[in-house]
Structures are given as C-alpha cells and as structure tokens.
Amino acid sequence: MSLAQFGGYRAFMSAASTGRLRIISAVIACSALAACATPYQEMGLLGGVQASRIDETTVQISARGNGYTNAETITRHALRKAAEETVAAGYDGFYIASAQDRTRHMTQYTSGSATTNFSGTVMGTGSNTAFLMGTGTTHYSPPQATTVVKPGEAVIIKMFRGAKPSDAPGVYDAHELLRFLAPPQPAK
C-alpha cells in the first residue's frame with residue numbers, strides 16, 4: 017500500500033501548503049504597500065495634509081502620517097502646507113495660533129502558530145491494514161503584540177502681510193519656508 021492510497025496524505029499536504037503560500041503572499045503584498053512613509057500629499061489612504069479656511073486670515077492645517085512616518089516629517093508637512101496656503105492667499109507670513117498633537121497609538125496583534133513535522137514509515141499487511149511508526153516535532157510561536165504610532169497634528173495659523181518680526185517664536189516667513197521645505201527634486 018502506498019502513502020497516496022493511505023488516506024490521501026499527499027493531496028492533504030499539497031492543499032495545506034498551497035493555502036499557507038496564499039496567506040504568506042497576501043501578508044507580503046500588504047506589508048509592501050504599507051511600508052511606505054507618508055509622502056507630502058493631500059490627505060489620502062497613507063495620510064497627508066489638508067487645509068480648511070476658517071476666516072480671511074485664519075487656516076486650520078491637519079497633517080497625519082502612517083506607522084512608518086516620524087513626527088518630525090509630519091511637522092514639516094504641516095509647516096509646508098501652512099506656507100503654501102499663506103502665499104496662495106496673497107500673504108507673506110503666518111504665526112501659529114494653536115497646535116494640537118493628534119498622534120494615534122494602535123496595537124496590532126499577530127496570531128500564534130504551531131507547525132508539526134512528522135516522519136515515519138507505513139507498513140501494510142495483506143488484510144488491508146496499515147501501521148504507521150514514526151516521530152513528530154511541534155514548533156510553537158506565541159502571538160505577538162506590536163504598538164504602531166501614527167503621528168498627527170492640527171495647527172491653526174493666522175496669516176499677515178509684511179515682513180516677519182525678528183526673533184518672534186512661532187512666526188514664519190512663508191516664502192522662506194517654501195525655499196527650505198521644497199519637495200525633493202528628481203535626480204537628473
């Protein structure tokens with residue numbers, strides 16, 4: 017009696033391996049998509065920035081990142097959006113009237129797993145009876161918990177015309193900021 021005749025062992029193992037391969041492929045594809053830090057962009061799936069006009073000289077800027085973006089990057093994105101909005105509205109500078117940390121902390125869990133490897137010998141007798149002798153080893157991986165930090169902030173700015181006051185904390189020249197926080201240029 018062959019192993020294939022003894023309960024369809026090969027078919028079972030092939031189906032189990034195919035199922036595992038699909039799960040592993042899906043996890044890798046999702047990880048590759050999510051492994052991108054939030055670029056400077058309008059608010060979208062990976063985060064980004066958005067501006068909402070409150071009145072003639074007041075704008076609220078919201079900036080959010082994903083778990084691969086650091087807080088400093090989100091601050092630069094918020095400042096850049098504030099400078100763009102200021103220049104687009106015909107103003108020269110802005111000051112930060114208020115700022116709130118909108119960072120989110122999430123815990124992600126992975127399931128545990130157990131894998132058993134078995135090796136042995138099947139012996140058959142003439143009376144349609146088979147005997148299996150062998151050994152098995154089980155490897156266990158416990159569940160894991162990971163904390164993911166998604167930085168964010170909300171800033172309200174007030175825009176003004178004219179030169180920036182010297183040594184004023186939280187006051188920015190919008191044109192100067194745009195020069196320093198310009199998007200990276202593609203290599204030629």
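For what it's worth, this note's numbering labels the leading residue of the sequence shown as 17, then goes sequentially. The C-beta atom is built at its ideal place from N, Cα and C for all residues, glycine as well.
So the candidates are the options; which of them puts its Cα closest to the Cα of residue i?
i	options	result
Asn120	Thr73, Ile77 and Gly83	Checking the sequence shown, residue 120 turns out to be Arg, not Asn. Among Thr73, Ile77 and Gly83, the Cα nearest to that of Arg120 belongs to Gly83.
Ala11	Gly128, Ile77 and Ala87	This structure cannot settle anything about residue 11, because the visible part of the chain is limited to 17 through 204.
Val171	Ala79, Glu58, Ser182 and Tyr188	Ala79
Glu88	Pro181, Tyr56 and Ser143	Tyr56
Glu72	Gly81, Glu58, Cys52 and Ala104	Ala104
Please state if the CB of residue j and the CB of residue i are separated by a distance shorter than 7 angstroms.
i	j	result
Gly109	Ala190	yes
Arg118	Gly168	yes
Ala146	Gly152	no
Pro111	Gly178	Before going on, a small fix: residue 111 reads as Tyr here, not Pro. No, the pair does not count as a contact, with Cβ atoms beyond the cut-off.
Thr154	Thr126	no
Leu61	Thr54	no
Gln124	Thr85	no
Ordered along the chain, which non-local residues of its own chain (more than five positions away) have a Cβ less than 6 angstroms from that of residue i?
i	result
Val249	Any answer about residue 249 is impossible in this case: the structure gives the chain only from 17 up to 204.
Ser135	Gly150
Tyr156	Ala130
Met122	Val164
Per DSSP, what kind of secondary structure is residue i in: helix, strand or coil?
i	result
Glu72	coil
Leu19	Since pLDDT at Leu19 reaches only 40, below the 50 mark, its modelled position is unreliable, and the value read off the structure follows with that caveat. Note: Leu19 maps to coil in three-state DSSP.
Leu197	coil
Residue i bridges to which residues according to DSSP?
i	result
Asp183	Its beta-bridge partners do not exist; DSSP assigns none.
Arg120	Lys166
Gln66	Ser78
Could you name the residues of the same chain whose beta carbon sits closer than 8 angstroms to that of residue i, not counting the 5 residues immediately before and after it, in chain order?
i	result
Leu197	Arg92, Leu95, Arg96 and Ala99
Ala115	Glu169, Ala170, Val171 and Ile172
Pro159	Tyr125, Thr126, Ser127 and Gly128
Which same chain residues end up closer than 7 angstroms to residue i when comparing Cβ atoms and leaving out the 5 residues on each side of it in sequence?
i	result
Leu148	Gly136 and Val138
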